[in-house]
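Numbering (my numbering), first residue to last: 364 to 473.
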């Protein structure tokens, strides 16, 4: 699910802990993604859920989408994910992937 709000974590946690159309409790997974829309509009937080048929959210600010699988790389870091920090970490990760002989796609998700 994805939501844009200062209270995004609490809203999404409520969804996976049973505040949904079927009161289904789901395991919290990692990573948690934060995206910065290109046209502004605020950051969005995304949780990944392991469910082939996720229940409908009760909160209208939550949307549920299905994404195809793929190969992803992640780099753990502490602190606040500012745009500058995110860009620095993405550059570091991209360079590590290239050193390993991989061809990373452009862009990044925090």
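Quick reminder that beta carbons are idealized off the backbone N, C-alpha and C, glycines included.
Source: prediction; values computed, not measured.
Alpha-carbon spacing of residue i relative to residue j, whole angstroms
i: residue 381; j: residue 424; result: 16 Å
i: residue 448; j: residue 472; result: 12 Å
i: residue 429; j: residue 408; result: 15 Å
i: residue 440; j: residue 461; result: 20 Å
i: residue 431; j: residue 416; result: 14 Å
i: residue 465; j: residue 451; result: 19 Å
i: residue 390; j: residue 427; result: 16 Å
i: residue 434; j: residue 418; result: 26 Å
i: residue 386; j: residue 412; result: 15 Å
Other residues of its chain near residue i: CB distance less than 7 Å, five sequence neighbours each side excluded
i: residue 457; result: 467
i: residue 453; result: 471
Burial state of residue i (16 or more Cβ within 10 Å)
i: residue 410; result: buried
i: residue 374; result: buried
i: residue 383; result: buried
i: residue 371; result: buried
Three-state class that DSSP yields for residue i in the structure shown
i: residue 398; result: strand
i: residue 446; result: helix
i: residue 389; result: coil
i: residue 411; result: coil
Spatial neighbours of residue i in its chain, beta-carbon cut-off 6 Å, leaving aside the 5 residues before and after
i: residue 422; result: 374
i: residue 310; result: Past the boundaries of the shown model lies residue 310; the chain is included only from 364 to 473, so the question cannot be answered.
Residues near residue i by beta carbon distance below 8 Å, same chain, minus five either side
i: residue 437; result: 394 and 456
i: residue 442; result: 448
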